[in-house]
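> My numbering puts the first residue of the sequence shown at 77, with every later residue one more than the last.
By construction, the Cβ of each residue, glycine as well, lies at the ideal position given by its N, Cα and C atoms.
Remember, predicted model here, so these are calculated numbers, not experimental data.
I'd like to ask some things about the structure below.
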Amino acid sequence: MAQQMKPKIIVFDLDYTLWPFWVDTHVSPPFNKHKDGKVYDQDQQLIKYYTDVPGMLHKLHNDGYTLGVASRTDTPPEAHKLMELFDWDKYFRYKEVYPGNKINHFQQFQSKSGIPYKDMLFFDDEIRNIVDVDKLGVTCIHAADGMSNAVLTEGLQKFQMNNC
Numbered sequence: 077m078a079q080q081m082k083p084k085i086i087v088f089d090l091d092y093t094l095w096p097f098w099v100d101t102h103v104s105p106p107f108n109k110h111k112d113g114k115v116y117d118q119d120q121q122l123i124k125y126y127t128d129v130p131g132m133l134h135k136l137h138n139d140g141y142t143l144g145v146a147s148r149t150d151t152p153p154e155a156h157k158l159m160e161l162f163d164w165d166k167y168f169r170y171k172e173v174y175p176g177n178k179i180n181h182f183q184q185f186q187s188k189s190g191i192p193y194k195d196m197l198f199f200d201d202e203i204r205n206i207v208d209v210d211k212l213g214v215t216c217i218h219a220a221d222g223m224s225n226a227v228l229t230e231g232l233q234k235f236q237m238n239n240c
């Protein structure tokens, strides 16, 4: 039986991929975690993420996958703060969070990890990022409505097909 090919790194965008907003325009820092364990912005607006995301990150991490995050936000400190408050920092070995083309982010992943592009899986809500990163040879999935377990499964299946 053929061995199942698994990505050596799975990379996620943040805005509208792991959470349903742009961190640089739709929420107002500073952010705080309340006693109820939920995160709020300065206007006491509850900051939510896509429902499946915490369990998905936990499972992928426990299953031994290396995870990364690539965001072209104009407010990297705020994005990092939300990942910390959501308790997601422990899942991401690689974080490229700064303005610019996603190709730059993936060149950094490749340089820092030594992982070839063909062994990477990437999820993003923006087609322009999918088009750019696909040119590198990365398996890319358009997460049009954000991440869910179904979108993750689709990505793992596409990666498998691309690497048979």
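Pull up the DSSP beta-bridge partners for E172, would you.
For E172, which the question treats as bridged, DSSP gives the partners A146.
> My output table needs one value for V87: the three-state DSSP class, helix, strand or coil.
Three-state result, V87: strand.
> I'd like the span of the alpha helix (DSSP H) that includes D210, first residue to last.
Looking at the DSSP string, the run of the alpha helix (DSSP H) that includes D210 is I203 to D210.
> Measure the Cβ-Cβ separation of I191 and K82 and say whether it is below 8 Å.
Against a cut-off of 8 Å, the Cβ pair of K82 and I191 comes out as no contact.
> Compute the Euclidean distance between the alpha carbons of H218 and K234, then round it to the nearest angstrom.
If you take the alpha carbons of H218 and K234, they lie about 12 Å apart.
> Does the stretch 208–215 touch the stretch 224–240, meaning 3 or more C-beta pairs lie closer than 8 Å?
The answer is yes - the stretch 208–215 touches the stretch 224–240, with three or more Cβ pairs under 8 Å.
> Could you check whether E172 and A155 sit closer than 8 Å to each other, using their CB atoms as the reference points?
Their beta carbons are not under 8 Å apart, which means A155 does not touch E172 by this criterion.
> Taking the alpha-carbon positions, what's the R148 to K166 distance?
Going from the Cα of R148 to the Cα of K166 covers about 21 Å.
> Check whether the stretch 195–207 and the stretch 85–94 touch, using three or more Cβ-Cβ pairs below 8 Å as the test.
Enough Cβ pairs lie closer than 8 Å, so yes.
> May I ask which residues mark the beginning and end of the alpha helix (DSSP H) holding F182?
Run containing F182: K178 to S189, per the alpha helix (DSSP H) assignment.
> Just how far apart, CA to CA, sit V115 and N108?
Each residue's Cα considered, the two are about 6 Å apart.
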